[in-house]
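Peer 1: Here's a structure for you.
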Amino acid sequence: MRKKTRRIAFVLSILMILVVITGCQDELLDGSELDMSKLGPNEKYVVATTIYKNLKRGEKYLDKKYQYDRYGNRVKEINYNKNGEIIEKRIWKYDKQGNVLEEIRDTNDSYLHFVYRYNDKGQRIKWRTKNKSGYNIKGADYRYWDNGNLKYRKRINYYNLGEIEKINYNKQGEPMGGKIITSNDEEIKIEYVIERYKNGGRKKQIRKEIYNGETVASTITEYNEKGQKIKSISNGRRINTWYEWRYDNRGNKIKFIVKDEDGQIEEWKEYKYNEDGNQIEYKRFFINSNKKELFSWIVSNYNNAGIIINKKFKNKNGEVTSIWTNKFDKIKIKKGE
402 MRKKTRRIAF VLSILMILVV ITGCQDELLD GSELDMSKLG PNEKYVVATT IYKNLKRGEK
462 YLDKKYQYDR YGNRVKEINY NKNGEIIEKR IWKYDKQGNV LEEIRDTNDS YLHFVYRYND
522 KGQRIKWRTK NKSGYNIKGA DYRYWDNGNL KYRKRINYYN LGEIEKINYN KQGEPMGGKI
582 ITSNDEEIKI EYVIERYKNG GRKKQIRKEI YNGETVASTI TEYNEKGQKI KSISNGRRIN
642 TWYEWRYDNR GNKIKFIVKD EDGQIEEWKE YKYNEDGNQI EYKRFFINSN KKELFSWIVS
702 NYNNAGIIIN KKFKNKNGEV TSIWTNKFDK IKIKKGE
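Residue numbers for the sequence shown follow my numbering, so the first one is 402 and each next one is one higher.
What follows is the structure, given as structure tokens:
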């Protein structure tokens with residue numbers, strides 16, 4: 402009789418859990434319904450699900466669901482296609498300070514495992530990217546000055562047979578020099594030359610990679626007086642790049658331009674912001690046969706608290722073709738130990 406009672410109690414508990422879960426899903430809030438004044442002690446709003454809909458077809462084609470730990474950190478994201486099949490999983494693990502220790506991205510086509518380590522100040526001192534078999538793909542190690550600025554960086558490209566790049570930095574966090582050790586154990590020297598504004602800030606930075614006394618690669622980076630990148634031209638050992646950035650008076654990036662090695666525009670992106678500094682519009686263009694073609698147009702909407710509630714995707718005529726919408730839940734969190 403006692404065993405039967407336990408079984409009944411167990412079944413009832415499972416049913417209660419299902420009821421609670423179903424109830425929570427029904428009670429998810431739209432972003433416009435969030436009232437920050439109604440949050441109790443140690444409560445916060447979190448995104449519970451993101452729904453992507455194709456407005457022309459009138460169907461949902463992607464559904465993201467999220468889970469959180471007791472500290473309010475997102476620990477799982479599961480993506481479902483329109484048939485309810487799982488197409489991607491993302492998993493996170495954290496330390497007691499809320500720093501990400503591990504991240505897994507698992508799709509039908511790829512699997513990546515990121516591992517991070519920190520010092521007692523919360524600064525990242527190491528990261529590695531591994532494949533499904535546990536082999537390293539890429540990674541980096543860091544050391545810092547007492548003032549918190551970067552002192553040393555070591556990058557390892559395991560895909561390129563373990564090519565290693567080591568860079569030393571001054572106390573302002575600016576690169577001073579270093580070396581590359583190739584997969585053939587050849588050493589390439591790295592030199593930096595910095596031109597400055599009158600206020601001491603970087604105006605232009607020239608990086609040279611030197612092998613047997615000859616420059617085999619170079620990158621010229623220009624900065625505005627606020628320290629933001631405005632141009633970067635690289636003539637590399639493997640690839641040549643030309644990038645430019647534009648900013649508004651508040652320091653927001655409003656344009657990113659990609660040019661070919663002759664300085665002709667190939668692609669650019671435009672950004673707009675609201676008064677709170679939130680990005681509200683994004684456009685991406687390509688040049689095809691000397692014609693400007695709109696590739697992507699996204700408009701983002703926020704509530705009064707600055708929380709993003711949806712994104713609308715438009716075609717070149719400005720018609721909304723699809724939309725993703727966030728739904729929120731209120732959870733209790735525990736403060737870090």
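From the three backbone atoms N, C-alpha and C, an ideal C-beta is built for every residue, glycine too.
When the Cα of GLY549 is compared with those of ARG525, ILE557 and ALA706, which residue comes out closest?
Peer 2: Stepping through the sequence shown from its first residue, residue 549 is reached at position 148. The residue with the shortest Cα to Cα distance from GLY549 is ARG525.
Peer 1: Between the Cα of ILE666 and the Cα atoms of ASN537, PHE657, TYR648 and ASN704, which residue gives the shortest distance?
Peer 2: Translated into positions along the sequence shown, residue 666 becomes position 265. It is PHE657.
Peer 1: Starting from the C-beta of LYS445, find all residues in its chain whose C-beta is less than 7 Å away, skip the five residues before and the five after it, and write them out in chain order.
Peer 2: Residue 445 sits at position 44 when you count from the first residue of the sequence shown. So the qualifying residues of the chain are GLY473, ILE732 and ILE734.
Peer 1: To the nearest angstrom, how far is the alpha carbon of GLN426 from that of THR508?
Peer 2: As a first step, residue 426 must be located in the sequence shown, where it is residue number 25. As a first step, residue 508 must be located in the sequence shown, where it is residue number 107. Reliability fails at GLN426, whose pLDDT of 46 lies under 50, so the model's placement of it is uncertain and no value is given.
Peer 1: Taking the beta strand (DSSP E) that MET577 belongs to, which residues open and close that run?
Peer 2: On the sequence shown, residue 577 is found 176 positions in, with the first residue counted as 1. Per DSSP, MET577 belongs to the beta strand (DSSP E) from 576–582.
Peer 1: Need the endpoints of the beta strand (DSSP E) that ILE640 sits in, please.
Peer 2: In the sequence shown, the residue the question calls residue 640 occupies position 239. Note, ILE640: premise wrong, no beta strand (DSSP E); not H, not E.
Peer 1: Would you check if the distance between the CB atom of TYR469 and the CB atom of VAL447 is smaller than 8 Å?
Peer 2: In the sequence shown, counting from the first residue as 1, residue 469 sits at position 68. In the sequence shown, counting from the first residue as 1, residue 447 sits at position 46. Yes, the pair counts as a contact, with Cβ atoms nearer than the cut-off.
Peer 1: Any contact between the stretch 556–570 and the stretch 594–606? By contact I mean 3 or more CB pairs, one from each, below 8 Å.
Peer 2: no
Peer 1: Please report the distance separating the alpha-carbon of ALA449 from that of ILE640.
Peer 2: The residue labelled residue 449 in the question sits at position 48 within the sequence shown. The residue labelled residue 640 in the question sits at position 239 within the sequence shown. So the two alpha carbons sit approximately 42 Å from each other.
Peer 1: Report the option in ILE699, ALA618 and GLU575 whose CA atom is closest to the CA atom of ARG603.
Peer 2: Locating residue 603 in the sequence shown gives position 202, where the first residue counts as 1. Of the candidates ILE699, ALA618 and GLU575, the one whose C-alpha sits nearest the C-alpha of ARG603 is GLU575.
Peer 1: On a CA-only basis, which of ARG518, LEU513 and LYS522 is nearest THR530? Give me that one, please.
Peer 2: The residue given as residue 530 occupies position 129 in the sequence shown. Per the Cα distances, LEU513.
Peer 1: Answer yes or no: do ASN711 and THR726 have a C-beta to C-beta separation smaller than 8 Å?
Peer 2: Looking up residue 711 in the sequence shown gives position 310. Looking up residue 726 in the sequence shown gives position 325. Closer than 8 Å, so yes.
Peer 1: What residue does the beta strand (DSSP E) around GLN606 start on, and which one ends it?
Peer 2: The sequence position of residue 606 within the sequence shown is 205, counting from 1. Residues 603–612.
Peer 1: Of the choices TYR553, THR616 and ASN537, whose alpha-carbon is the least far from that of LYS590?
Peer 2: Position 189 of the sequence shown holds residue 590. Taking only the C-alpha atoms, the option nearest LYS590 is THR616.
Peer 1: Do LYS497 and LYS483 have their C-beta atoms within less than 8 Å of each other?
Peer 2: Translated into positions along the sequence shown, residue 497 becomes position 96. Translated into positions along the sequence shown, residue 483 becomes position 82. Cβ atoms of LYS497 and LYS483: not closer than 8 Å.
Peer 1: Just to confirm the assignment, what range does the beta strand (DSSP E) spanning LEU695 have?
Peer 2: Here the question's residue 695 lines up with position 294 in the sequence shown. Unbroken beta strand (DSSP E) run through LEU695: 692–703.
Peer 1: Tell me, which residues are paired with GLN680 by DSSP?
Peer 2: Within the sequence shown, residue 680 is the residue found at index 279, counting from 1. Bridge partners of GLN680: TYR674.
Peer 1: Measuring only the C-alpha atoms, how far is GLY719 from ASP649?
Peer 2: In the sequence shown, the residue the question calls residue 719 occupies position 318. In the sequence shown, the residue the question calls residue 649 occupies position 248. The straight-line gap from Cα to Cα measures roughly 24 Å.
Peer 1: Hey, would you say the C-beta of ASN474 is under 7 Å away from at least one heavy atom of the ligand NAD?
Peer 2: This structure simply doesn't include the ligand NAD, nor any ligand for that matter.
Peer 1: Which class does GLY540 belong to by DSSP, given the choice of helix, strand or coil?
Peer 2: Here residue 540 refers to the residue found at position 139 when the sequence shown is read from its first residue. If DSSP states are grouped into helix, strand and coil, GLY540 belongs with the strands.
Peer 1: Can you name, in chain order, every residue of its own chain whose Cβ lies under 6 Å from the Cβ of LYS605, other than the five neighbours on each side?
Peer 2: Here the question's residue 605 lines up with position 204 in the sequence shown. So the qualifying residues of the chain are GLU596 and GLU623.
Peer 1: If you check the beta carbons only, do TYR453 and SER697 fall under 8 Å apart?
Peer 2: Reading the sequence shown from its first residue, position 52 is the one you call residue 453. Reading the sequence shown from its first residue, position 296 is the one you call residue 697. No Cβ-Cβ contact shorter than 8 Å links TYR453 with SER697.
Peer 1: Measuring CB to CB, does ILE555 end up less than 8 Å from TRP546?
Peer 2: Within the sequence shown, residue 555 is the residue found at index 154, counting from 1. Within the sequence shown, residue 546 is the residue found at index 145, counting from 1. With the sequence shown as reference, residue 555 is identified as Lys, and Ile is not the correct amino acid for it. No.
Peer 1: Please check if any C-beta of chain B sits within less than 8 Å of the C-beta of GLU671.
Peer 2: The chain labelled as chain B is not found in the depicted structure, where only one protein chain is given.
Peer 1: Are GLU587 and LYS580 close, meaning C-beta to C-beta below 8 Å?
Peer 2: As a first step, residue 587 is located in the sequence shown; it is residue number 186 there, counting from the start. As a first step, residue 580 is located in the sequence shown; it is residue number 179 there, counting from the start. No, the Cβ-Cβ distance between GLU587 and LYS580 is not below 8 Å.
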